[in-house]
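Chains A and B supply the protein sequences, listed in that same order.
Read in order, the letters of the first sequence are residues 1 to 340 in the numbering used here.
Read in order, the letters of the second sequence are residues 341 to 887 in the numbering used here.
Okay, so here's the structure we're looking at.
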Amino acid sequence: MRTPALVVCTLALSAATAGCGIFGGSDEEPADIHVYSARHYDLENAFGEFEEETGLKVEFLFGEDAELLQRLETEGEGSPADLFFTVDAGNLWAADQAGVLDPVESEVLEGAVPEEYRDSDGSWYGLALRARTVVYNPDNVDPSEFDTENTYAGLGDPKWQGRLCMRDSTEAYTQSLVTALMESYGRDEAERIVQSWLDNDVDIMSNDILLLEAVDAGTCDVAIVNHYYLARELEEKPDMNVELFWASQDGLGVQLNLSGGGVVTTSDAKADAQQLLEWLATDGQDAFVGDNHEFPVNPDVKPDEAIEAFGPFEPMPIDAEAYGRLNADAIDLLEEVGYE
Amino acid sequence: MIGRAGRSGRSAWLWLVLLVAAVIAAPVVAVVVDGLRSTGSVTLPADLAEMVVTTLLLMISVGVGTLVVGGGLAWLVTVGRFPLRNALTWMLVLPLAMPAYILGFVFLSTFDEAGPVQTLLRDAFGAGWLPPVRTLPGAALVMTLTLFPYVYLMARAAFAEQSPTTYDAARTLGASRSRALYAVVLPLARPSLAAGLALVMMEVLTDFATVQYFGVETVSVGVYKQWRGSYDFESASQLSVLVLLFAVAVLAGERLLRGRARYTQRGGRGSGPEPVHLTGARGWAATLVCLLALGVGFLLPVLRLTGWAIEEARRDADGVVDYRFAEYLANSLTVALVTALACVAVSLVVAHALRMTGGRLPRAAAQVTTFGYAVPGAVVGIGVLLAFADLDELVRAAGVEGGTGLLVTGSVAGILYAYLIRFMAPAYQAVDASLTKVNTTTTLSALSLGASPMRILTRVHLPLARSGVFVAFVLVLVDAIKELPLVLLLRPFGFSTVSVWVYELAKENYWEKAALPALVIVATAVVPVYLLFRQERLIDRHPGGTA
Numbered sequence: 001m002r003t004p005a006l007v008v009c010t011l012a013l014s015a016a017t018a019g020c021g022i023f024g025g026s027d028e029e030p031a032d033i034h035v036y037s038a039r040h041y042d043l044e045n046a047f048g049e050f051e052e053e054t055g056l057k058v059e060f061l062f063g064e065d066a067e068l069l070q071r072l073e074t075e076g077e078g079s080p081a082d083l084f085f086t087v088d089a090g091n092l093w094a095a096d097q098a099g100v101l102d103p104v105e106s107e108v109l110e111g112a113v114p115e116e117y118r119d120s121d122g123s124w125y126g127l128a129l130r131a132r133t134v135v136y137n138p139d140n141v142d143p144s145e146f147d148t149e150n151t152y153a154g155l156g157d158p159k160w161q162g163r164l165c166m167r168d169s170t171e172a173y174t175q176s177l178v179t180a181l182m183e184s185y186g187r188d189e190a191e192r193i194v195q196s197w198l199d200n201d202v203d204i205m206s207n208d209i210l211l212l213e214a215v216d217a218g219t220c221d222v223a224i225v226n227h228y229y230l231a232r233e234l235e236e237k238p239d240m241n242v243e244l245f246w247a248s249q250d251g252l253g254v255q256l257n258l259s260g261g262g263v264v265t266t267s268d269a270k271a272d273a274q275q276l277l278e279w280l281a282t283d284g285q286d287a288f289v290g291d292n293h294e295f296p297v298n299p300d301v302k303p304d305e306a307i308e309a310f311g312p313f314e315p316m317p318i319d320a321e322a323y324g325r326l327n328a329d330a331i332d333l334l335e336e337v338g339y340e
Numbered sequence: 341m342i343g344r345a346g347r348s349g350r351s352a353w354l355w356l357v358l359l360v361a362a363v364i365a366a367p368v369v370a371v372v373v374d375g376l377r378s379t380g381s382v383t384l385p386a387d388l389a390e391m392v393v394t395t396l397l398l399m400i401s402v403g404v405g406t407l408v409v410g411g412g413l414a415w416l417v418t419v420g421r422f423p424l425r426n427a428l429t430w431m432l433v434l435p436l437a438m439p440a441y442i443l444g445f446v447f448l449s450t451f452d453e454a455g456p457v458q459t460l461l462r463d464a465f466g467a468g469w470l471p472p473v474r475t476l477p478g479a480a481l482v483m484t485l486t487l488f489p490y491v492y493l494m495a496r497a498a499f500a501e502q503s504p505t506t507y508d509a510a511r512t513l514g515a516s517r518s519r520a521l522y523a524v525v526l527p528l529a530r531p532s533l534a535a536g537l538a539l540v541m542m543e544v545l546t547d548f549a550t551v552q553y554f555g556v557e558t559v560s561v562g563v564y565k566q567w568r569g570s571y572d573f574e575s576a577s578q579l580s581v582l583v584l585l586f587a588v589a590v591l592a593g594e595r596l597l598r599g600r601a602r603y604t605q606r607g608g609r610g611s612g613p614e615p616v617h618l619t620g621a622r623g624w625a626a627t628l629v630c631l632l633a634l635g636v637g638f639l640l641p642v643l644r645l646t647g648w649a650i651e652e653a654r655r656d657a658d659g660v661v662d663y664r665f666a667e668y669l670a671n672s673l674t675v676a677l678v679t680a681l682a683c684v685a686v687s688l689v690v691a692h693a694l695r696m697t698g699g700r701l702p703r704a705a706a707q708v709t710t711f712g713y714a715v716p717g718a719v720v721g722i723g724v725l726l727a728f729a730d731l732d733e734l735v736r737a738a739g740v741e742g743g744t745g746l747l748v749t750g751s752v753a754g755i756l757y758a759y760l761i762r763f764m765a766p767a768y769q770a771v772d773a774s775l776t777k778v779n780t781t782t783t784l785s786a787l788s789l790g791a792s793p794m795r796i797l798t799r800v801h802l803p804l805a806r807s808g809v810f811v812a813f814v815l816v817l818v819d820a821i822k823e824l825p826l827v828l829l830l831r832p833f834g835f836s837t838v839s840v841w842v843y844e845l846a847k848e849n850y851w852e853k854a855a856l857p858a859l860v861i862v863a864t865a866v867v868p869v870y871l872l873f874r875q876e877r878l879i880d881r882h883p884g885g886t887a
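Right under this line is the structure:
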């Protein structure tokens, strides 16, 4: 009597844990191109447009950068992914280092994506740009107070004591900004700058929207945020009391984060994947940056009106390898000086 | 531990426990091995010592907090009748349903300096009299008010299943109400309180979303920073081992808390002490206490989310619910239900098998099944990937062309397996806490009367541990519906859940769009929690009635 009962138990267990593949696949026909993406903004609309134009069906899976990369690596040859999109130059570099991206030679891509926004071997191509710059409350700050040459570093000046708000150290954008400072000024000087922010009692927050709300409410005078959050908030609340200032225009320029992607090494639809990448860098640029108010990487494509209103700016050059290589050092630096 | 009588026939149960433990522990072991095997230089965070101290402080303060709030409220609703008591009794579990990746933002955008609450206070009374929110005490408070339901639920079930005769005897013998509580009721409820507390501690250990919002650097934050920021999974997995060590300490502590004492009681399953009618101001004060406890972790966030959802509906009436809504919800519910059933079944079998065999080995093995709860979710996910990659290698080495194929991420199997690993702890803690209180003589009598272990499981242990089984089911169900990192990492193409949907929007700060699906997650918890309380007569018990 005992044995059958045990068998039933064990069977029930294995059935419960393993036998439930039924609701995994959908009834729809399989897609032509499978995308792993750590970005989500408007991908749906962009892929929908692409499908209409080409008849190629695209399906994407959203996830976190590091996790998706790890998944790609462990899935190995069996991976369904054809394209990998991520949101930071450092992440693109890391994916390339991990060997999951296949170099693509394409005149279309080379014509559309400026050299500084793509890998020299063509392993990845940037598609959209996010500027990390300074915003302020015009009631409390006169823009002439900003150091126009070294705006980020200038926020360490004692005159900003108790007036600063910034993002926390777990955020990739904070790490990238510090990486950029390290690359521009060297590690020691970067450490001094971060320390000077701390000496000014910078209020550290964990969300860009919270930063904007704080500047709007006047509990912070100045914050460093991504430009598109302000564009988006202004769309919903036009009377928001927050202005944008393009940082370091007389110096190194505004710090940018590059989002883009590349064709996966193990893909079985490389030609289609390349076609999608080419489309996104050209006709699809509008759809890709779309409602998110990012800057298109293709110089022939105009940015949308909301962000054009912020005026033109000089960007800081992007060195993806430095972003990828130095990011760990940036985390160390932040930990050493005690920036949360 | 049952004696040696008839042991030989029960060794199959021993093997079953060992097998279950091995299957469940495999991914966690894969991570540990991966971490320890790495030959490259491992960089640990510069402020590791500080992180350890912060983690300890947070664990202790949240532990004490949840014990006081959860235990206190459970006692209050057990012994008192007051306005709205029946509704509050089950609503007090609902903070569990609020996903951490939503709560941090909602809480801070409401209570931080620039939020409406402080702005209002500033306008009325001037600046600077509220302490800063984004601090360790702030995080401890918020976590206490969202995690106390673990303790509350366990304690509530424990109080309710105590036979009233014990409490009444103490009272008849002249003990005051509080003396009866401290000398009789609480000691008897100790396994349940300890189980709830252990769950809270493990939640605190592995939480990333809340602590990150409050700028509190625990070891788990270190894990994520190392991994996501430095692409350094080896260092991250070594840090996870450290997190796991904390958890081992917690579980050892839980065993110590239970001590060598036995918690069995005579007279079978009871119905708890007879409640006292709290009249007038005292009654309303009790109501207010419950509402306050619910306020921060549940009522206010729900209000805020509702406000956002309405705003969004006004702006874009068509866009709120699209066609995928039903599919996502069905996916969430199916996965959660299957997980809850599987976890409860496995827990019951393991706890039952322990009774049948006893001994250190199976006891240790049973404990190992709960470790998945003590490792950050995303790390468990990677562990599952690694374990299956190893399996694939083995299968290939054995000569099977193509190996296992895309077993984990190609179907929902990976998610279900990962969920089983992750949620065995709440299920096992609840079931075990309940079964511990079943008298060993009951089991022995059944054995000596010739009942087979299987029959004892279904006819004796299952009915007697019923409240634990129900609690386990609801805990896992609620946890699984809101779970995020595992489903995000392991899901196949075309498979999405409500929690993934919420997170996709929340990550990009579309809070107004995320509000409605977030409310759906919370709402799905209402039904099982309510049913649990009705079914188990935890709401309104009939005097002296046994279930």
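Beta carbons: idealized from backbone N, C-alpha and C, even for Gly.
Values in this document were obtained by computation on a predicted structure and should not be read as measured data.
Residue state for Ala128(A) is assigned as strand, using DSSP reduced to three classes. The bridge partners DSSP lists for Leu83(A) are Val35(A), Val263(A). Distance from the CA of Ser575(B) to the CA of Leu726(B), rounded to the nearest whole angstrom, comes to 16 Å.
The C-beta distance from Leu212(A) to Val225(A) rounds to 6 Å, short enough to fall under 8 Å.
Contact of Ser570(B) with chain A by beta-carbon distance below 8 Å involves Asn327, Ala328, Ile331. Within the stretch 95-125 of chain A, no residue has its Cβ closer than 7 Å to any Cβ of chain B.
Within chain A, the residues whose beta carbon sits less than 7 Å from that of Thr749(B) are Arg71, Glu75, listed in sequence order.
Against chain B, the CB of Leu210(A) has a partner CB under 7 Å away; the residue lies at that interface.
Counting only runs that start and end inside the stretch 416-482 of chain B, the alpha helix (DSSP H) elements of at least 4 residues fall at 425-431, 440-451, 456-465. Within 10 angstroms of the beta-carbon of Pro803(B) lie fewer than 16 other beta-carbons, which makes it exposed. A residue is called buried when at least 16 other Cβ atoms come within 10 angstroms of its Cβ; Arg622(B) does not meet this threshold and is exposed.
Leaving aside the five residues that flank Val827(B) on each side, the residues in its chain whose CB is nearer than 7 Å to its CB run, in chain order, Ile755, Thr837, Ser839, Val840.
The beta-carbon of Leu673(B) is placed no less than 7 Å from the nearest beta-carbon of chain A.
Taking 7 Å as the cut-off, the Cβ atoms of Ala758(B) and Leu830(B) count as close.
Under the Cβ distance rule, Trp355(B) does not count among the residues neighbouring chain A, no pair being separated by less than 7 Å. Annotation for Glu189(A): the continuous alpha helix (DSSP H) segment containing it runs 187-199. Rounded to whole angstroms, the separation of the alpha carbons of Asn91(A) and Ala306(A) is 28 Å.
Between Asn779(B) and chain A, the shortest Cβ-Cβ separation is not below 7 Å. Within the same chain, Ala520, Val524 come within 6 Å of Ala510(B) by CB-CB distance, once the 5 residues on both sides are set aside.
Looking from the CA of Ser259(A), the closest CA among Glu73(A), Thr86(A), Gly122(A), Lys237(A) belongs to Thr86(A).
Scanning chain A for C-beta atoms nearer than 7 Å to the C-beta of Ala389(B) yields nothing, as the closest lies near 11 Å away. Per the C-alpha coordinates, the member of Trp353(B), Ile364(B), Ala352(B) positioned closest to Gln707(B) is Ile364(B). C-alpha of Val778(B) to C-alpha of Tyr492(B): approximately 21 Å in a straight line.
Annotated three-state conformation of Thr709(B) is coil, per DSSP. Membership of Phe665(B) in the alpha helix (DSSP H) is indicated by the continuous run 665-697.
For the set Gly699(B), Met399(B), Ala362(B), Gly808(B), the Cα lying nearest the Cα of Ala589(B) is the one of Met399(B).
For Ile722(B), the neighbours in chain A by C-beta distance under 9 Å run, in chain order, Glu67, Gln70, Arg71, Thr74. The three-state reading of DSSP puts Asp304(A) in coil, since its state is none of H, G, I, E or B. Proximity of the stretch 103-111 of chain A to the stretch 274-285 of chain A meets the contact definition, three or more beta-carbon pairs being nearer than 8 Å. Here Ser169(A) is buried: its Cβ has 16 or more other Cβ atoms, across all protein chains shown, within 10 Å.
With respect to the C-alpha of Glu67(A), the residue from Ser570(B), Thr679(B), Ala666(B), Gly620(B) having the closest C-alpha is Ser570(B). Judged by DSSP in its simplified three-state form, His227(A) adopts helix. Following the DSSP letters along the chain, one finds Val58(A) inside the beta strand (DSSP E) bounded by residues 58-62.
Residue state for Val814(B) is assigned as helix, using DSSP reduced to three classes.
Listed in chain order, the beta strand (DSSP E) runs fully inside the stretch 242-287 of chain A are 243-245, 255-264, counting runs of at least 3 residues. Asp88(A) sits in coil when the DSSP states are folded into three classes, being neither helix nor strand.
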